[in-house]
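Chemist: In our numbering, the protein residues as written are 196 to 252.
The beta carbon of each residue, even a glycine, is placed where N, CA and C say it ideally should be.
In this text the structure is predicted, and so the values were computed from the model without any measurement.
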Amino acid sequence: MEQIAEIRDAVARALEQRGLDNREFLRQIRTGEQDDGPYMTGAIACATVLAKRQGAR
196 MEQIAEIRDA VARALEQRGL DNREFLRQIR TGEQDDGPYM TGAIACATVL
246 AKRQGAR
């Protein structure tokens, strides 16, 4: 559960750094309300691939 919270925060921070200032949307990302959205879906897929690669080493 801790890993998903880290992914949510990383996605929200990356969007903030790129100029997104929709506070409600960022809150929804951090609380998991946007887990089925494109940003989180992509981030979770990427994290899954990276975890598998690290496990294969």
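#1: Can you tell me whether residue 215 is helix, strand or coil according to DSSP?
#2: Taking buried to mean at least 16 other C-beta atoms within 10 Å of its own C-beta, is residue 206 buried or exposed?
#3: What is the DSSP secondary structure of residue 230, counted as helix, strand or coil?
#4: Measure from the alpha carbon of residue 201 to the alpha carbon of each residue in 230, 217, 215, then state which is nearest.
Modeler: Inspection of the coordinates gives the following:
#1: DSSP places residue 215 in coil when its eight states are reduced to three.
#2: Buried is the call here.
#3: Residue 230 carries a coil assignment under DSSP once its states are collapsed to helix, strand and coil.
#4: Of the candidates 230, 217, 215, the one whose C-alpha sits nearest the C-alpha of residue 201 is 230.
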